[in-house]
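For reference, the structure is listed below as structure tokens.
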Amino acid sequence: MAEYVQAGHAVSQASLSGLAGTAPPVVQNVTHERILEARSEPQNWLTYYGAYDGQRYSPLDQINAENVRRLVPAWVFQSGSAGMHAGASTYAFEAAPIVVDGVMFVSGWDGWAWALDARTGQEIWRYKHEVPYDTSLCCGNVNRGVAVAKGKVFFVTPNAHLLALDATNGRCVWDAIYGDVRAGESATLAPLVVKDLVVVGSSGGEFGVRGHIDAFDLETGRHVWRTYTVPKPGEPGSETWPDGPAWTRGGGNCWVTGTYDPELNLMYWGTGNPAPDFDGAVREGDNLYTDSVIAVNPDNGEIRWHYQYNPHDLWDYDSTMEHILFELDGRKLMAHFDKNGYFFVLDRTNGELVRVAPFVDRITWGEIDPDGKVTPKVYPDEEGVEVRFWPGPAGAKEWTHAAYSPRTELFYVPVQDVGALVTRRRREFKESIPYWGASVTVDSGDMAGSVSAFDPATGREAWRWRNEVPMCASVLATGGDVVFAGEPTGEFDAFDARSGELLWQFQTGSGHHSNPTTYSVDGRQFVVVPVGWGAWVEGFLPGMLGAPHGDALFAFALPQD
9 MAEYVQAGHA VSQASLSGLA GTAPPVVQNV THERILEARS EPQNWLTYYG
59 AYDGQRYSPL DQINAENVRR LVPAWVFQSG SAGMHAGAST YAFEAAPIVV
109 DGVMFVSGWD GWAWALDART GQEIWRYKHE VPYDTSLCCG NVNRGVAVAK
159 GKVFFVTPNA HLLALDATNG RCVWDAIYGD VRAGESATLA PLVVKDLVVV
209 GSSGGEFGVR GHIDAFDLET GRHVWRTYTV PKPGEPGSET WPDGPAWTRG
259 GGNCWVTGTY DPELNLMYWG TGNPAPDFDG AVREGDNLYT DSVIAVNPDN
309 GEIRWHYQYN PHDLWDYDST MEHILFELDG RKLMAHFDKN GYFFVLDRTN
359 GELVRVAPFV DRITWGEIDP DGKVTPKVYP DEEGVEVRFW PGPAGAKEWT
409 HAAYSPRTEL FYVPVQDVGA LVTRRRREFK ESIPYWGASV TVDSGDMAGS
459 VSAFDPATGR EAWRWRNEVP MCASVLATGG DVVFAGEPTG EFDAFDARSG
509 ELLWQFQTGS GHHSNPTTYS VDGRQFVVVP VGWGAWVEGF LPGMLGAPHG
559 DALFAFALPQ D
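The numbering of the sequence shown is my numbering, which starts it at 9 and goes up by one.
Have a look at this one:
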């Protein structure tokens, strides 16, 4: 295996089909127009959610509810990158593997990226961005995936770089910095390619930074626009912040990839919690645009409309999670499962609330009525006084994604039924120092989880598969009426999409906190899932949910005749 260093970046090479360290140029003709029609080529997984709509659904049906019990491992790729980062409390393999015509592209924690032969798992090339050990990271050294277009692989690094690599050999084409690491900004999400732009969001709200979305020219890396998610004085929404510096450190970071409606030419980005978490006395008001969905024009970054799920958040209920686009009765809608325990359906043309309903049993922090009115009940109000509420900051659902099947017309959501004990602690703001405003303990003695199916027409639960521990990984729905989900204790599960029956299970040996995807090569369907989880960022130790092992990719398929 060849080794070389280019522009300070170490890269290793392997081989595919006799081409040493070189992948076929399959990404060269991946354009915006092709991504628009991604679902018409189900053999591939061209973008983070599989398609711009965020449904995490594949029409592939070779693996189905009748034969999924026959699934076997087809290959395993060991990344060799397991370990702990000096500045992080956790590491995890969280990516969604991208597949283009038999070549897989995937990122790992701590600045790693790989190209693999999707038939065999053989490494083609690898890339390592050197991340400084003193990088401030709120919630773990993680990365959720890459984007591909026009011959390049795009991914972000913990120290807030956006990189473009040559998809054939892994060499760095351009490197753009879009966050101030001195202030605690970082980057964790998978980029989104829209038209000729690569769009990314910032991380680091727990350090009191001001969240933003940025767009770069995909050919050159030129910065095209930036949209802040906390308005400055005089901008729309600024009246929801007090006078003074609170807005300059207001949080609201977009650290999960947005979705996109090409007909409306709008992207939908969820925003994170306001800073400081929990201590609302220093940021009176609704604190827009935190804990919201914002509809953004990709051409210039203009915010067209918003809907706020948690005005004046006192519970650390980030609303960054996916907004899944779907249609019902001829209406263009979107669905969102929030940390606060409620399932929202909005009209995606204007942000009008269509339906809101709880998707977990225990909600004690407050309530949201059918008209969307939020009534807080339990929150850390008094200095030094401990309060308990459900769901806790780990959510009723964390960042890991739900899925939607147009065949069953059901949503499938990984549920984390976990409470928390929170005590308000006033903290003065200091740059690059965590700005939490409370001490937090996860109620680990009384937790549960599930994979649950919901009908968006009614908001009612269709079925539930219960688990003794939270479900902390994204789910995948397929045209074979199978729903795949991983458990933190290592099991990879397949469920009947219509009944919720557990049909198949495989113990991978490491916890799941990632995004399974599916693809086919030469007519054979594979389901691939990254595994490897060092600890749960919200406070669990590895031994509580499954011992950590090295990061790996498992690919499963039906036995070949």
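We put the CB at the ideal spot given by N, CA and C, even for glycine. Only a predicted model underlies this, so the values are computations on that prediction, with no experimental measurement involved.
Exposed or buried, which one is residue i when buried takes at least 16 other CB atoms within 10 Å?
i: residue 465; result: exposed
i: residue 251; result: exposed
i: residue 103; result: buried
i: residue 214; result: buried
i: residue 405; result: buried
i: residue 525; result: buried
i: residue 474; result: exposed
i: residue 37; result: exposed
i: residue 274; result: buried
i: residue 242; result: exposed
i: residue 296; result: buried
i: residue 544; result: In this prediction, residue 544 scores a pLDDT of 41, lower than 50, which makes its location untrustworthy; the coordinate-derived value is nonetheless stated afterwards. Looking at its Cβ environment, which holds 16 or more other Cβ atoms inside 10 Å, residue 544 is buried.
i: residue 490; result: buried
i: residue 235; result: buried
i: residue 240; result: exposed
i: residue 289; result: exposed
i: residue 25; result: Note that residue 25 has pLDDT 35, beneath the 50 cutoff, so the model's placement of it is unreliable and no number is given.
i: residue 573; result: An answer regarding residue 573 cannot be provided, because it is not within the stretch 9 to 569 covered by the chain.
i: residue 568; result: exposed
i: residue 335; result: exposed
i: residue 91; result: Because residue 91 sits at a pLDDT of 42, beneath the cut-off of 50, its placement in the model cannot be relied upon, and the point is left open.
i: residue 80; result: exposed
i: residue 408; result: buried
i: residue 383; result: exposed
i: residue 94; result: Low local confidence applies: a pLDDT of 35 at residue 94 is under 50, so the model's placement there is unreliable, and no value is given.
Thinking residue i and residue j are a contact (beta carbons under 8 Å), I'd like their distance in whole angstroms, please.
i: residue 560; j: residue 83; result: Residue 560 to residue 83, Cβ: 10 Å. No contact.
i: residue 393; j: residue 431; result: 7 Å
i: residue 428; j: residue 450; result: 6 Å
i: residue 201; j: residue 224; result: Rounded, the Cβ-Cβ distance is 10 Å, inconsistent with contact.
i: residue 487; j: residue 415; result: 6 Å
i: residue 349; j: residue 367; result: 7 Å
i: residue 362; j: residue 378; result: Wrong, their Cβ atoms sit about 10 Å apart, outside the cutoff.
i: residue 418; j: residue 71; result: That pair is no contact at about 19 Å.
i: residue 317; j: residue 299; result: 5 Å
i: residue 161; j: residue 173; result: 4 Å
Please find out if some non-hydrogen atom of the ligand GTP comes closer than 6 Å to the beta-carbon of residue i.
i: residue 513; result: The ligand GTP is not part of the structure shown, which contains no ligands of any sort.
Report the option in the options whose CA atom is closest to the CA atom of residue i.
i: residue 454; options: 398, 501, 470; result: 398
i: residue 1; options: 319, 541, 531; result: This structure cannot settle anything about residue 1, because the visible part of the chain is limited to 9 through 569.
i: residue 43; options: 61, 30, 29; result: 61
i: residue 536; options: 256, 502, 416, 413; result: 502
i: residue 59; options: 107, 72, 76; result: 107
i: residue 500; options: 515, 507, 489; result: 515
i: residue 167; options: 175, 202, 211, 153; result: 211
i: residue 197; options: 523, 365, 362, 316; result: 523
i: residue 396; options: 402, 388, 122; result: 388
i: residue 345; options: 162, 461, 29, 76; result: 461
i: residue 53; options: 113, 139, 32; result: 113
i: residue 199; options: 152, 235, 193; result: 152
i: residue 504; options: 512, 447, 497; result: 512
i: residue 510; options: 569, 463, 459, 528; result: 459
i: residue 478; options: 173, 452, 335, 164; result: 452
i: residue 238; options: 335, 330, 262; result: 262
i: residue 246; options: 341, 484, 401, 293; result: 293
i: residue 125; options: 314, 110, 118, 289; result: 110
i: residue 412; options: 64, 39, 41; result: 64
i: residue 7; options: 285, 265, 447; result: There is no way to answer for residue 7, as the model of the chain reaches only from 9 to 569.
i: residue 468; options: 351, 538, 529, 357; result: 351
i: residue 286; options: 81, 401, 76; result: 401
i: residue 101; options: 534, 520, 565, 533; result: 520
i: residue 6; options: 78, 231, 40, 29; result: No information on residue 6 is available, as it lies outside the stretch 9 to 569 that the chain covers here.
i: residue 74; options: 423, 506, 527; result: 506
i: residue 192; options: 337, 228, 119, 148; result: 148
### Task
Taking only runs that begin and end inside the stretch 87 to 154, name each unbroken alpha helix (DSSP H) of 4 or more residues, in chain order.
none
Counting beta carbon pairs with one atom in the stretch 301 to 312 and one in the stretch 365 to 377, are three or more of them shorter than 8 Å? no
Threshold first: 3 residues or longer. Then list the beta strand (DSSP E) segments lying entirely within the stretch 311 to 342, N to C. 311 to 316, 332 to 336
Taking one C-beta from the stretch 133 to 143 and one from the stretch 152 to 160 each time, how about it: are there three or more such pairs within less than 8 Å? no
Using 8 Å as the cut-off, can you tell me whether the stretch 37 to 53 makes contact with the stretch 254 to 264, which would need three or more C-beta pairs spanning the two stretches below that distance?
no
* Asked: Counting pairs of Cβ atoms below 8 Å between the stretch 181 to 188 and the stretch 128 to 135, do you hit three or more?
  -> no
Which runs of the alpha helix (DSSP H), 4 residues or longer, sit entirely within the stretch 395 to 445? none
Does the pairing of the stretch 440 to 449 with the stretch 505 to 523 give three or more beta-carbon distances under 8 Å?
no
Complete runs of the alpha helix (DSSP H) confined to the stretch 208 to 287 [at least 4 residues]: none
Tell me, please, whether the stretch 280 to 299 touches the stretch 317 to 332 by the rule of three or more beta-carbon pairs shorter than 8 Å. yes
- Mind pulling the beta strand (DSSP E) runs of 3 or more residues that sit fully within the stretch 483 to 546? 483 to 486, 490 to 494, 499 to 504, 510 to 515, 525 to 529, 532 to 539
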